[in-house]
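S.K.: Provided herewith is a single structure, encoded as structure tokens, for subsequent inquiry.
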Amino acid sequence: MSIVEQLQRQHLKQLTPYASARRSMSGGNIWLNANESPYSNSYNVDDSKLNRYPEFQSKPLNQAYAEYAGIKASQVLSSRGSDEGIELLIRAFCEPGQDKVLICPPTYGMYAISAKTFAVGVTEVPLLNSGKVNNWQLDTESVIEASAECKVIFLCSPSNPLGNALNTNDIEQVLQHSPRSIVVVDEAYIEFSSGDSVVSWLERYPNLVVLRTLSKAFALAGIRCGFLLANDDIIELLQKVLAPYPLPDPTVQIAVQALQTSSLERLQQQVATLLAERERVQTALEQTPLTLVSQSDTNFLLYQCEDAAGLVKTLADNGLLIRNQSAQRGLENVVRITIGSAAENDELIQQLKDYFS
Ligand SMILES: Cc1ncc(COP(=O)(O)O)c(C=O)c1O
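In this text, residue positions in the sequence shown follow the numbering used here: the first is 453, and each later residue adds one.
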């Protein structure tokens, strides 16, 4: 038996790591598989202090994000992507081998993987696609019932991989009736959504946490910067388990510039363009045998087809990457397609037409 087999923590033997878009697919020249922005915006980086450790938490950055989100700087924690925020919550609130988190599949994979990494249990309360077609919503009663045994509840709105936003009334019900659980609303795609953020509820609900990121609409996946928004006592607890220097100095510099008024105006324009492109792609794909699985409030679309693996492979062989979501509960033969630049979307539409002809 190798040293690793002898010494590794037992529960890690069964753990399948997160198959991120970048890790599971390589090559290609059109990347529509990671919900990234097609825009690469320019920033200035001052290299005169790279010999120094960065701040534990940058005041200018947290202040800028607080202004953007309409909250106090003391309610902001900046982290290495919102993935780090997910992990901090589990490390700070859940006892390994004892506590559980609650997720509502189909949902973002890192909630369960982060929990399992720390030997924390995962309770699943699937979303329901009843009532309005293509509008997946919380099974609110069951979430509230199950929350009695779950320390942290992860709600993703708008949802990855579905795309639609959860009803804010349902989220509020969960917050009200699960006062002994931390209710995390992951708003990674909020800038694309026509719905409202729940961030203004922080004053009302001491158990609310909102996750945000610069990886999507802000077009900054490469700098790894996310924000966890919560009341001061939660932020103080999370700071106990946060790494000493979580964000590299160039990340902080770029993130501060991205939150300036001129950059936010550019963001609005880029979001508007992507939403118009989403409309265009959706309309074009109505002419194919693909079936839309969910209404999108994000920068991606979700479609069912006959053979997701075959479709993903054929497009990848032609240099165009999309994401197979078939491993998700209830999403057999479903693919997720990120909205790219107009030229990338043209290529996508053409390749799909060719595939189905
Ligand atoms: C719903 C959701 N939450 C969180 C993340 C992680 O984002 P970040 O790049 O900030 O770690 C993603 C990334 O795809 C996501 O889709």
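Note that the Cβ used here is the ideal one computed from N, Cα and C, for glycine as well. Fair warning: this is a prediction, and the values are worked out from it, not measured in the lab.
Would the beta-carbon of Cys608 be found less than 7 Å away from any heavy atom of ligand 1?
M.R.: Residue 608 sits at position 156 when you count from the first residue of the sequence shown. Yes, the Cβ of Cys608 comes within 7 Å of a heavy atom of ligand 1.
S.K.: Specify the secondary structure class of Gly674 as computed by DSSP and reduced to three states.
M.R.: One-based indexing of the sequence shown puts residue 674 at position 222. Helix, per DSSP.
S.K.: What does Gly573 pair with, by DSSP beta-bridge criteria?
M.R.: Walking along the sequence shown from the start, residue 573 turns up at place 121. According to DSSP, Gly573 bridges with Lys552.
S.K.: Taking contact to mean at least 3 C-beta pairs separated by less than 8 Å, is the region 528-542 in contact with the region 690-697?
M.R.: yes
S.K.: Going by DSSP, what residue range makes up the alpha helix (DSSP H) through Ile623?
M.R.: Position 171 of the sequence shown, counted from the start, is the residue given in the question as residue 623. Where Ile623 is concerned, the enclosing alpha helix (DSSP H) starts and stops at 620-629.
S.K.: Taking 7 Å as the limit between beta carbons, can you name the residues of its chain near Asn785, skipping five residues before and five after?
M.R.: On the sequence shown, position 333 is the one that residue 785 refers to. Only Gln756, Cys757, Glu758, Asp759, Ala760, Ser778 meet the Cβ criterion.
S.K.: Quick one: what's got a C-beta closer than 6 Å to Pro557's C-beta in the same chain, skipping five residues either side?
M.R.: Here residue 557 refers to the residue found at position 105 when the sequence shown is read from its first residue. Excluding residues within five positions, the ones whose Cβ falls inside 6 Å are Glu576, Pro578, Arg781.
S.K.: Quick check on Asp638: does DSSP put it in helix, strand or coil?
M.R.: Along the sequence shown, read from residue 1 onward, the residue named residue 638 stands at position 186. In the three-state DSSP reduction, Asp638 falls in the strand class (E or B).
S.K.: Helix or strand or just coil, what does DSSP make of Leu783?
M.R.: The residue given as residue 783 occupies position 331 in the sequence shown. Assigned with DSSP and collapsed to three states, Leu783 falls in coil, not helix or strand.
S.K.: Assuming Thr735 is part of the alpha helix (DSSP H), what are its boundary residues?
M.R.: On the sequence shown, residue 735 is found 283 positions in, with the first residue counted as 1. Note, Thr735: alpha helix (DSSP H), 713-737.
S.K.: Which one or two residues does DSSP pair with Val604 in a beta bridge?
M.R.: For the purposes of this step, residue 604 is taken as the residue at position 152 of the sequence shown. Beta-bridge analysis with DSSP links Val604 to Val553, Ile634.
S.K.: Compute the Euclidean distance between the alpha carbons of Asn770 and Gly480, then round it to the nearest angstrom.
M.R.: One-based indexing of the sequence shown puts residue 770 at position 318. One-based indexing of the sequence shown puts residue 480 at position 28. Going by the C-alpha atoms only, they are around 7 Å apart.
S.K.: Could you check whether Gln803 and Leu772 sit closer than 8 Å to each other, using their CB atoms as the reference points?
M.R.: The count along the sequence shown starts at 1 and reaches residue 772 at position 320. The count along the sequence shown starts at 1 and reaches residue 803 at position 351. Yes. Within cutoff.
S.K.: Counting only the same chain and skipping the five closest in sequence on each side, list residues whose C-beta sits under 6 Å from that of Pro512.
M.R.: Stepping through the sequence shown from its first residue, residue 512 is reached at position 60. Counting only Cβ-Cβ distances below 6 Å, and skipping sequence neighbours, we find Val708.
S.K.: When every heavy atom of ligand 1 is checked, does at least one fall within less than 7 Å of the C-beta of Thr569?
M.R.: By one-based count along the sequence shown, residue 569 stands at place 117. Incorrect: Thr569 has no Cβ contact closer than 7 Å to ligand 1.
S.K.: On a CA-only basis, which of Gln527, Val637, Phe508 is nearest Asp685? Give me that one, please.
M.R.: For this step, residue 685 is matched to residue 233 along the sequence shown. Of the candidates Gln527, Val637, Phe508, the one whose C-alpha sits nearest the C-alpha of Asp685 is Gln527.
S.K.: Exposed or buried, what is Met444 when buried is set at 16 or more other beta-carbons lying within 10 Å of its beta-carbon?
M.R.: Because residue 444 is not part of the residues shown, which for the chain are 453 to 809, the question remains open.
S.K.: Grouping DSSP H, G and I as helix and E and B as strand, with all else coil, what is Ile774?
M.R.: Taking the first residue of the sequence shown as 1, we reach residue 774 at position 322. If DSSP states are grouped into helix, strand and coil, Ile774 belongs with coil.
S.K.: Just reading off the alpha helix (DSSP H) that Thr766 is part of, what are its end residues?
M.R.: Position 314 of the sequence shown holds residue 766. Start and end: 760-769.
S.K.: Out of Ala518, Lys524, Ser809, Phe570, state which residue places its alpha-carbon closest to the alpha-carbon of Leu541.
M.R.: As a working note, residue 541 is residue 89 in the sequence shown. When each option's Cα is compared against that of Leu541, the closest is Phe570.
S.K.: Report the rounded CA-to-CA distance for Phe752 versus Thr592, giving the unit in angstroms.
M.R.: Against the sequence shown, residue 752 aligns to sequence position 300. Against the sequence shown, residue 592 aligns to sequence position 140. Taking C-alpha positions only, Phe752 is separated from Thr592 by approximately 26 Å.
S.K.: Does the beta-carbon of Thr750 have 16 or more other beta-carbons within 10 angstroms, so that it is buried, or is it exposed?
M.R.: Translated into positions along the sequence shown, residue 750 becomes position 298. Buried is the call here.
S.K.: Rounded to whole angstroms, what's the CA-CA distance from Gly867 to Ala617? Just pull it up for me.
M.R.: The requested residue 867 does not occur in the structure, where the chain is confined to residues 453 to 809.
S.K.: For Ile555 versus Val572, is the C-beta distance shorter than 8 Å?
M.R.: In the sequence shown, the residue the question calls residue 555 occupies position 103. In the sequence shown, the residue the question calls residue 572 occupies position 120. For Ile555 and Val572, no; Cβs fall outside 8 Å.
S.K.: Give me every residue whose Cβ sits closer than 6 Å to any heavy atom of ligand 1, in chain order.
M.R.: Selection output, chain order preserved: Asn487, Gly533, Ser534, Asp535, Tyr560, Cys608, Asn612, Asp638, Ala640, Thr665, Ser667, Ala673, Gly678.
S.K.: Looking at Pro469: is its Cβ nearer than 8 Å to the Cβ of Ile565?
M.R.: Along the sequence shown, one-based indexing puts residue 469 at 17. Along the sequence shown, one-based indexing puts residue 565 at 113. Their beta carbons are under 8 Å apart, which means Pro469 touches Ile565 by this criterion.
S.K.: Classify Pro490 as buried or exposed, calling it buried when 16 or more other Cβ atoms lie within 10 Å of its own Cβ.
M.R.: The count along the sequence shown starts at 1 and reaches residue 490 at position 38. By the neighbour-count rule (16 or more Cβ atoms within 10 Å), Pro490 is buried.
S.K.: Please report the straight-line C-alpha distance between Gln747 and Lys603, rounded to a whole angstrom.
M.R.: Position 295 of the sequence shown holds residue 747. Position 151 of the sequence shown holds residue 603. If I take the Cα positions, the gap works out to 30 Å.
S.K.: Below 8 Å on the Cβ atoms is my guess for Ala847 versus Asn493; work out the distance and round it to an integer in Å.
M.R.: This structure does not reach residue 847, given that the chain is present from 453 up to 809, and the question cannot be answered.
S.K.: In whole angstroms, what separates the C-alpha of Ile791 from that of Ala724?
M.R.: Counting from 1 along the sequence shown, the entry for residue 791 is found at position 339. Counting from 1 along the sequence shown, the entry for residue 724 is found at position 272. Going by the C-alpha atoms only, they are around 12 Å apart.
S.K.: To which residues does DSSP link Phe752 through a beta bridge?
M.R.: Position 300 of the sequence shown holds residue 752. Note: Phe752 sits in a beta bridge opposite Thr790.
S.K.: Counting along the chain, where does the alpha helix (DSSP H) carrying Arg474 start and finish?
M.R.: Within the sequence shown, numbered from 1, the residue matching residue 474 stands at position 22. Counting along the chain, the alpha helix (DSSP H) containing Arg474 begins and ends at 473-476.
S.K.: Per DSSP, which residues does Leu580 bridge with? Please list them.
M.R.: Residue 580 sits at position 128 when you count from the first residue of the sequence shown. Bridge partners of Leu580: Gln589.
S.K.: Would you say Thr595 and Val636 are within 8 Å of each other, going by their C-beta atoms?
M.R.: As a first step, residue 595 is located in the sequence shown; it is residue number 143 there, counting from the start. As a first step, residue 636 is located in the sequence shown; it is residue number 184 there, counting from the start. As written in the sequence, residue 595 is Val, which differs from the Thr given in the question. Against a cut-off of 8 Å, the Cβ pair of Val636 and Val595 comes out as no contact.
S.K.: Which word fits Tyr560, buried or exposed, when buried means at least 16 other C-beta atoms lie within 10 angstroms of its C-beta?
M.R.: Taking the first residue of the sequence shown as 1, we reach residue 560 at position 108. Counting the other Cβ atoms within 10 Å of the Cβ of Tyr560 gives 16 or more, which makes it buried.
S.K.: Following the continuous beta strand (DSSP E) through Ser531, name the residue where it begins and the one where it ends.
M.R.: Numbered from its first residue, the sequence shown carries residue 531 at position 79. 528-531 is the extent of the beta strand (DSSP E) around Ser531.
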